[in-house]
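For reference, the structure is listed below as structure tokens.
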Amino acid sequence: MGPVEFIVLAFPEEQLRVPAVEAVMGLRKTGVVRLIDGLVTTKTAGGEVMAAEFDEFVELRGLLAGRDVARLIGPEDVREAAELLDRGSCALLLVVEHVWAQDAAVAVRAAGGRIVGSVRIPADRVEVA
């Protein structure tokens with residue numbers, strides 16, 4: 001198994017836009033990542049936090065299907081993600097396996113190694129460098 005990551009993708013409105021949904025579906029179809037779990041979280045204009053399963057949205061129905069799915073995102077994760085959201089916005093909460101890194105991860109483990117850290121570098125910092 002390759003590295004697994006929890007990702008929060010925030011959007012400026014309470015409703016998901018079709019291009020965002022298509023992007024997630026595209027990643028899954030290419031095989032670059034494997035979608036393990038996902039939720040949609042909304043923070044209303046009034047500050048109320050709601051979470052919904054993918055199957056509650058026509059556009060996302062069936063995206064989390066099959067034996068590879070594991071329910072890993074819990075209420076605590078939803079609360080933490082909601083703290084990152086502005087009122088009147090929503091987010092896709094995703095747990096993905098980086099399939100592209102699977103061969104490297106297998107080789108590292110076979111050599112007795114393990115991943116001990118990971119840091120995501122924001123795109124704006126890379127561009128400045």
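At position 38 of the sequence shown the residue is numbered 38 (the numbering used here), and the sequence of numbers has no breaks.
Backbone N, C-alpha and C fix where the C-beta goes; we use that ideal spot for every residue, glycine too.
The structure displayed is predicted, hence computed values, not measured ones.
Check	Outcome
What number of angstroms, rounded off, separates the C-alpha of L35 from the C-alpha of A65?	9 Å
Just to confirm my understanding: we take A23, look at its own chain, exclude 5 residues before and 5 after, and list those with CB closer than 6 Å. What are they?	none
For D86, count neighbouring Cβ atoms within 10 angstroms of its own Cβ and tell me buried if that reaches 16, exposed if not.	exposed
Quick check: the Cα distance between E80 and V108, rounded to an integer number of angstroms?	32 Å
Would you report the Cα separation of D68 and V33, rounded to the nearest angstrom?	12 Å
Do E97 and G2 have their C-beta atoms closer together than 7 Å?	yes
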